[in-house]
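Heads up: the structure comes next, in structure tokens.
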Amino acid sequence: MVGRYRRFISYLKQNVSGVLAIHCVIHRQHLVAKKLSVRLHESLHLVIDAVNRIRSNALNTRLFAQLCEENDEHFDQLLLHTEVRWLSKGLCLTRFFALFETILEFLDTKE
């Protein structure tokens, strides 16, 4: 899409003289985040697996919401993590941490 040699940036450089193309700062942070330390990367995958197990079907989601109500916790839906929505990693981890005890209880009862 924004390739330096064959796509938008190269087209822009050919048609507009003196244009300065800078790689997006957010995208650079994403590239760095993909190469996180092994420990942090494994932790993130454990969180993603747990959230995906809860959100895998509607019944699990409803049961988890009911368990949150019983524990007087605010259930504002756990976020599914996808490769496309990489900016949601922080929010996914924040919500997971806020509901950590309830998530453990739910996963223990499901197994």
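Numbering (numbering that gives the first Met the number 0), first residue to last: 0 to 110.
Using N, Cα and C, we set each Cβ at its ideal position, and we do this for glycine too.
Remember, it's a predicted structure, so these values are computed and weren't measured experimentally.
For residue i versus residue j, is the C-beta distance shorter than 8 Å?
i, j, result
"residue 108", "residue 67", "no"
"residue 47", "residue 63", "no"
"residue 106", "residue 49", "yes"
"residue 92", "residue 72", "no"
Between which two residues does the alpha helix (DSSP H) carrying residue i extend?
i, result
"residue 54", "Element bounds for residue 54: n/a, residue is neither H nor E."
"residue 72", "Here residue 72 belongs to no alpha helix (DSSP H), and DSSP marks it neither H nor E."
"residue 9", "7-14"
"residue 98", "That residue, residue 98, is in no alpha helix (DSSP H); it is neither H nor E in DSSP."
Short of 6 Å in beta carbon distance, which residues of its chain neighbour residue i, apart from the five on each side in sequence? Order them along the chain.
i, result
"residue 59", "53"
"residue 43", "none"
"residue 95", "46"
Leaving out five residues on either side along the sequence, give the residues of the same chain with a beta carbon under 7 Å from the beta carbon of residue i.
i, result
"residue 70", "101"
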